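Visitor: Below is a structure I'd like to ask you about.
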Amino acid sequence: MAAVTEAPPLAPAPEKKPPRKRGRFTPYWLLLPGILWLLIFFAAPMIYQASTSVQTGSLEEGYKVTWHFATYWDALSSYWPQFLRSVFYAASATVLCLLLGYPLAYLIAFRAGRWRNLIMILVIAPFFTSFLIRTLAWKTILADNGPVVHTLNSLHILSLTDWLGWTAGDRVLATPLAVVCGLTYNFLPFMILPLYTSLERIDGRLHEAAGDLYAKPFTTFRKVTFPLSMPGVVSGTLLTFIPAAGDYVNAELLGSTDTRMVGNVIQAQFLRVLDYPTAAALSFILMAAILLMVTFYIRRSGTEDLV
Amino acid sequence: MEQYEPDRLSPAVAAAVRRSYRNGRAAMTRRSLLRASAGGALAVGGLAALSGCGIPAAGKTQGGVSADDHSAKEKVVNFSNWPEYIDVDDSGKHHPTLDTFRTRTGITVKYTEDINDNDEFFGKIQPQLAAGQDTGRDLVVLTDWLAARMVRLGYVQKLDASNLPHAFANLSDQFRSPDWDPGRAYSYVWQGISTVVAYNKKALDGVEVKSVSDLLDNPALKGRVGLLTEMRDTVGMTMLDMGLDPAKFSDDDYDKVIARIQKAVDKGQIRRFTGNDYTSDLSKGDLAACIAWGGDIVQLQSDNPDVAYVIPDSGYMTSTDNLMIPNKARHKTNAERLIDFYYEPEPAAQLSAYVNYVSPVADVKPYLAKIDKSAADNPLILPDKAMQAKSVAFRALSSKEETAYQAKFTKLTGA
Chain A
1 MAAVTEAPPL APAPEKKPPR KRGRFTPYWL LLPGILWLLI FFAAPMIYQA STSVQTGSLE
61 EGYKVTWHFA TYWDALSSYW PQFLRSVFYA ASATVLCLLL GYPLAYLIAF RAGRWRNLIM
121 ILVIAPFFTS FLIRTLAWKT ILADNGPVVH TLNSLHILSL TDWLGWTAGD RVLATPLAVV
181 CGLTYNFLPF MILPLYTSLE RIDGRLHEAA GDLYAKPFTT FRKVTFPLSM PGVVSGTLLT
241 FIPAAGDYVN AELLGSTDTR MVGNVIQAQF LRVLDYPTAA ALSFILMAAI LLMVTFYIRR
301 SGTEDLV
Chain B
1 MEQYEPDRLS PAVAAAVRRS YRNGRAAMTR RSLLRASAGG ALAVGGLAAL SGCGIPAAGK
61 TQGGVSADDH SAKEKVVNFS NWPEYIDVDD SGKHHPTLDT FRTRTGITVK YTEDINDNDE
121 FFGKIQPQLA AGQDTGRDLV VLTDWLAARM VRLGYVQKLD ASNLPHAFAN LSDQFRSPDW
181 DPGRAYSYVW QGISTVVAYN KKALDGVEVK SVSDLLDNPA LKGRVGLLTE MRDTVGMTML
241 DMGLDPAKFS DDDYDKVIAR IQKAVDKGQI RRFTGNDYTS DLSKGDLAAC IAWGGDIVQL
301 QSDNPDVAYV IPDSGYMTST DNLMIPNKAR HKTNAERLID FYYEPEPAAQ LSAYVNYVSP
361 VADVKPYLAK IDKSAADNPL ILPDKAMQAK SVAFRALSSK EETAYQAKFT KLTGA
């Protein structure tokens, strides 16, 4: 791409100059691989997609840049329900991940003893198989005639979730609940790992000190452990929320027509409808929305150093 | 947590910070101004780069763009196909028909199963074809609507009839002249596909399914009906059910069909729109009934006797997967010889016995019966005359229609 060739011309250190001057460019030389990598794999595709989003045309006539910014507005006005749904599902999954992940990370960090490594491996183990296979496995686990759905039905839990609008009829698959559960399951390790790293760093003597100052275990957690684990909470929620908001596999495999997320829309627009400008515009809107939410979130949680 | 708070700075440090704004490194100097304007220039350059991008118009060269044919020197042909779409021997490593082809012609077939989805595959090779480059493939297998688009865009090469004597003689009448490639100038059929209504007897539990109307309306099937993401199959089957003709219909007809399916979607009748993955759902019984592809049903039936199919009285859709030679392919003649080879009755029978789709070769029946008697009698593999009479193909669409229809259909699926 053109952007690559625009890399600042890096003159090699001239021979004539005194050695003291030569060092000036050393930092740039050292940065070069990283900058090139960013230009080729980040900047170039971004520029290309940005350009696509303001083009109009068809495959026959080719696409030309016409600065057609209305695409953004059209995309947003037709697909805002999918945007809202993505944010809602991703947020639900993130909260569930936090509720499930925090106790586990706590257990591994403070109570696991010699089992620590084993539990860590168990947390990471799902990554040894493909994302797709793991999601497909849930289709078998949650099958309409499977034991899980039968149990939930006989306990009348599904009537409750049906009433809440999370499931439909006496099934779990092809409902919002299934999609959120799939997201939670798939991104749980991304929550546990940063939580564990920041919990594990907490000095155990702080807990003792809190106890010495007559703090009850819950107070110790509220006033000492949790605030100190905030960097882990923030990076864990970000690592869960961001990919979950853009995910389309879970909604595709576990969902139905009314659970499609913005990732599904982008995929469909790009591959099936061949409306490249709309697909590109949707990607940029998603990126901007996530960036905004994340910035706001980091400001609010006041955590500048993330790990 | 350590946080940056300016109030905490000692007076000396704060003074130093203030000084640096005025005449230190952060001060506005001629150099920093130059640097800033260079940044601005770069931004302008970025905008220029933005408008520099674009997708070139498709080549309008009729007959496609050929490259030098290396067939004589390089005895290979690069063949891209769908997974599990060719015969395999018991070891699972060899393809007997391809081996026969090699011993007979000395041409090695580099066989790759890298087509999983028409749309995805098109997305993959489109940039190369648009730029007039070799895709590295001599022969690809594409479903008819994509094949039609490839012909329309001028992305495939005209076949040399003199290399295709068997193909010309043996192609079954049903497939001889599709409206998108009259007389088969650019393509030959690899396998035909019958789209039917399939169901799981156990999951239906006595409910009768005979037509697409049953799928869309029967409240007993609520949330347990599957439709296909292939627009032409789902819309075509519904069209037939409504008494419309998928071979010639208007925009209004199309909208009527979409409205009909939309009603079923709104009722919660449809569980999912699926690709090939409906097979496991149907076999498990999560889908009680669905629109399905004939070849899949033959394979499912051999594992699960509960799976059955019905051909609606209103008719069924037939589509084809087609062999085509993309522009700039290096081994065109070799590819044509391979196409012709599969139109000899023996290899064709071997292939059909394994993949269970509709064979495009006329008079293959006695050869297939020698390998597998039951396959030769299965109307999903060799449709009889009565069944062929009910088969309809979706008409070719113009580029505009294709985009508009696909957009409406995609909306139906939720995105």
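Chains as they are written, first to last, in UniProt numbering: chain A, 1 to 307; chain B, 1 to 415. Ideal Cβ positions, reconstructed from N, Cα and C, are used throughout, including at glycine. Please read these numbers as outputs of a predicted model, since none were measured by experiment.
Along chain B, in chain order, which residues have C-beta atoms closer than 8 Å to that of Glu60 (chain A)?
Guide: Locating residue 60 (chain A) in the first sequence gives position 60, counting from the first residue. Ordered by position in chain B, the residues that pass the 8 Å Cβ test against Glu60 (chain A) are Ala57, Ala58, Arg152, Leu153, Ser399.
Visitor: For Val265 (chain A) and chain B, any beta-carbon pair shorter than 7 Å?
Guide: Position 265 of the first sequence, counted from the start, is the residue given in the question as residue 265 (chain A). For Val265 (chain A), the answer is yes, since a Cβ of chain B falls inside 7 Å of its Cβ.
Visitor: On the CB-based measure, 16 or more other CB atoms within 10 Å of its CB, does Ala247 (chain B) come out buried or exposed?
Guide: On the second sequence, position 247 is the one that residue 247 (chain B) refers to. Flag for Ala247 (chain B) reads exposed.
Visitor: Run through chain A and tell me which residues come within less than 9 Å of Ile115 (chain B), C-beta to C-beta.
Guide: Taking the second sequence and counting its residues from 1, the one referred to as residue 115 (chain B) is at position 115. Within chain A, no residue comes near Ile115 (chain B); the closest Cβ sits about 13 Å away, beyond 9 Å.
Visitor: Run through DSSP, which three-state label would Ala27 (chain B) get?
Guide: The residue given as residue 27 (chain B) occupies position 27 in the second sequence. With a pLDDT of 49 at Ala27 (chain B), under the threshold of 50, the modelled position of that residue is not reliable, and no figure is offered here.
Visitor: Check the Cβ-Cβ distances between Gln406 (chain B) and every residue of chain A, and say whether any is below 7 Å.
Guide: Within the second sequence, numbered from 1, the residue matching residue 406 (chain B) stands at position 406. Closer than 7 Å to some Cβ of chain A, the Cβ of Gln406 (chain B) qualifies, so yes.
Visitor: For Thr94 (chain A), is the classification buried or exposed, using 16 other Cβ atoms within 10 angstroms of its Cβ as the cut-off for buried?
Guide: Walking along the first sequence from the start, residue 94 (chain A) turns up at place 94. Flag for Thr94 (chain A) reads buried.
Visitor: Can you confirm whether Ala415 (chain B), when its beta carbon is compared against all beta carbons of chain A, has any partner nearer than 7 Å?
Guide: To locate residue 415 (chain B), count along the second sequence from 1; it is residue 415. At least one chain A Cβ lies under 7 Å of Ala415 (chain B).
Visitor: Give me the residue from B:Gln157, B:Gly192, B:Ala264 with the minimum Cα distance to Val225 (chain B).
Guide: Numbered from its first residue, the second sequence carries residue 225 (chain B) at position 225. For Val225 (chain B), the nearest C-alpha among the options comes from B:Ala264.
Visitor: Rounded to a whole number of angstroms, what is the C-alpha to C-alpha distance between Leu240 (chain B) and Gln157 (chain B)?
Guide: Here residue 240 (chain B) refers to the residue found at position 240 of the second sequence. Here residue 157 (chain B) refers to the residue found at position 157 of the second sequence. Cα to Cα, the separation comes out at about 34 Å.
Visitor: At the level of alpha carbons, what is the spacing between Gly146 (chain A) and Ala130 (chain B)?
Guide: Taking the first sequence and counting its residues from 1, the one referred to as residue 146 (chain A) is at position 146. Taking the second sequence and counting its residues from 1, the one referred to as residue 130 (chain B) is at position 130. Distance between the alpha carbons of Gly146 (chain A) and Ala130 (chain B): 49 Å.
Visitor: Apart from the five residues just before and just after Tyr63 (chain A), which ones in its own chain have a Cβ nearer than 8 Å to its Cβ?
Guide: Numbered from its first residue, the first sequence carries residue 63 (chain A) at position 63. The answer, listed in chain order, is Thr52, Gln55, Thr56, Gly57, Tyr276, Pro277.
Visitor: At 3 residues or longer, and completely inside the segment 71-133 of chain B: list those beta strand (DSSP E) runs for me, N to C.
Guide: Entirely contained in the segment 71-133 of chain B, the beta strand (DSSP E) runs reaching 3 residues are, in chain order, 76-80, 108-112.
Visitor: Hey, would you say Val65 (chain B) sits closer than 7 Å to Asn327 (chain B), going by beta carbons?
Guide: On the second sequence, position 65 is the one that residue 65 (chain B) refers to. On the second sequence, position 327 is the one that residue 327 (chain B) refers to. Yes, the pair counts as a contact, with Cβ atoms nearer than the cut-off.
Visitor: So which residues on chain C does Val265 (chain B) lean against when the C-beta distance must stay under 7 Å?
Guide: The displayed structure is made up of protein chains A and B, and chain C is not among them.
Visitor: Are the beta-carbon atoms of Ser229 (chain A) and Leu199 (chain A) separated by less than 7 Å?
Guide: In the first sequence, residue 229 (chain A) corresponds to position 229, counting from 1. In the first sequence, residue 199 (chain A) corresponds to position 199, counting from 1. Yes. Within cutoff.
Visitor: Applying the 10 Å Cβ sphere with the 16-neighbour rule, what's the burial state of Lys216 (chain A)?
Guide: In the first sequence, the residue the question calls residue 216 (chain A) occupies position 216. Label assigned to Lys216 (chain A): exposed.
Visitor: Identify the continuous beta strand (DSSP E) that holds Arg271 (chain B) and give its terminal residues.
Guide: The residue given as residue 271 (chain B) occupies position 271 in the second sequence. Per DSSP, Arg271 (chain B) belongs to the beta strand (DSSP E) from 270-274.
Visitor: Give, in chain order, every unbroken run of the alpha helix (DSSP H) that is at least 4 residues long and sits entirely within the segment 256-307 of chain B.
Guide: The qualifying runs are 278-284, 294-303.
Visitor: Would you list the one or two residues that DSSP bridges to Ser194 (chain B)?
Guide: Residue 194 (chain B) sits at position 194 when you count from the first residue of the second sequence. Looking at the DSSP assignment, Ser194 (chain B) forms a beta bridge with B:Thr318.
Visitor: Could you pull the start and end residues of the alpha helix (DSSP H) that Val358 (chain B) belongs to?
Guide: For the purposes of this step, residue 358 (chain B) is taken as residue 358 along the second sequence, with counting starting at 1. Looking at the DSSP string, Val358 (chain B) is not in any alpha helix (DSSP H), and its letter there is neither H nor E.
Visitor: Using a C-beta cutoff of 7 Å, does Gly285 (chain B) count as contacting chain A?
Guide: Counting from one through the second sequence, the residue named residue 285 (chain B) turns up at place 285. Cβ-Cβ to chain A under 7 Å: yes for Gly285 (chain B).
Visitor: Could you name each continuous beta strand (DSSP E) segment of 3 residues or more that falls completely within the segment 37-115 of chain A, going from the start of the chain to the end?
Guide: List check, beta strand (DSSP E) in window: 55-58, 62-65.
Visitor: Which residues share a DSSP beta bridge with Leu323 (chain B)?
Guide: Counting from one through the second sequence, the residue named residue 323 (chain B) turns up at place 323. DSSP output for Leu323 (chain B) lists B:Val141, B:Tyr188 as bridge partner(s).
Visitor: Assuming Arg232 (chain B) and Trp145 (chain B) make a contact with CB atoms under 8 Å, what is their CB distance in whole Å?
Guide: In the second sequence, the residue the question calls residue 232 (chain B) occupies position 232. In the second sequence, the residue the question calls residue 145 (chain B) occupies position 145. About 6 Å separates the two Cβ atoms, so the contact holds.
Visitor: Using C-beta distances below 7 Å, list every residue in its chain close to Ser92 (chain A), excluding the 5 sequence neighbours before and after it, in chain order.
Guide: Counted from its first residue, the first sequence places residue 92 (chain A) at position 92. Val180.
Visitor: Is DSSP giving Tyr405 (chain B) helix, strand or coil here?
Guide: As a first step, residue 405 (chain B) is located in the second sequence; it is residue number 405 there, counting from the start. Residue state, collapsed to three classes: helix.
Visitor: Taking 7 Å as the CB-CB limit, is Ala104 (chain B) close to chain A?
Guide: To locate residue 104 (chain B), count along the second sequence from 1; it is residue 104. Checking the sequence shown, residue 104 (chain B) turns out to be Arg, not Ala. No, no contact with chain A.
Visitor: Taking the alpha carbon of Leu164 (chain A) as the point to measure from, which residue in A:Thr175, A:Leu155, A:Arg260 has its own alpha carbon closest?
Guide: Within the first sequence, residue 164 (chain A) is the residue found at index 164, counting from 1. Of A:Thr175, A:Leu155, A:Arg260, the residue nearest in Cα terms is A:Thr175.
Visitor: When the distance is taken between beta carbons, is Val197 (chain B) closer than 7 Å to Val298 (chain B)?
Guide: Locating residue 298 (chain B) in the second sequence gives position 298, counting from the first residue. Locating residue 197 (chain B) in the second sequence gives position 197, counting from the first residue. Contact flag unset, no.
Visitor: With a CB to CB cut of under 6 Å and the five nearest residues on each side skipped, what residues in its chain are close to Gly123 (chain B)?
Guide: In the second sequence, the residue the question calls residue 123 (chain B) occupies position 123. The answer is none, since no qualifying residue turns up.
Visitor: From what residue to what residue does the alpha helix (DSSP H) around Gly211 (chain A) run?
Guide: For the purposes of this step, residue 211 (chain A) is identified with residue 211 of the first sequence, where counting begins at 1. Residues 204-212.
Visitor: Counting only the same chain and skipping the five closest in sequence on each side, list residues whose C-beta sits under 7 Å from that of Arg300 (chain A).
Guide: Mapped onto the first sequence, residue 300 (chain A) falls at position 300. The answer is none, since no qualifying residue turns up.
Visitor: Determine the DSSP secondary structure at Val249 (chain A), reduced to helix, strand or coil.
Guide: Locating residue 249 (chain A) in the first sequence gives position 249, where the first residue counts as 1. Of the three classes helix, strand and coil, the one that applies to Val249 (chain A) here is helix, per DSSP.
Visitor: Considering Cα atoms alone, identify which of B:Ala348, B:Leu228, B:Gly92, B:Ser302 is closest to Trp190 (chain B).
Guide: For the purposes of this step, residue 190 (chain B) is taken as residue 190 along the second sequence, with counting starting at 1. Among B:Ala348, B:Leu228, B:Gly92, B:Ser302, the Cα nearest to that of Trp190 (chain B) is on B:Ala348.
Visitor: Looking at Gly206 (chain B) and Arg271 (chain B), is the spacing between their C-beta atoms short of 7 Å?
Guide: As a working note, residue 271 (chain B) is residue 271 in the second sequence. As a working note, residue 206 (chain B) is residue 206 in the second sequence. The answer is no: Cβ separation not under 7 Å.
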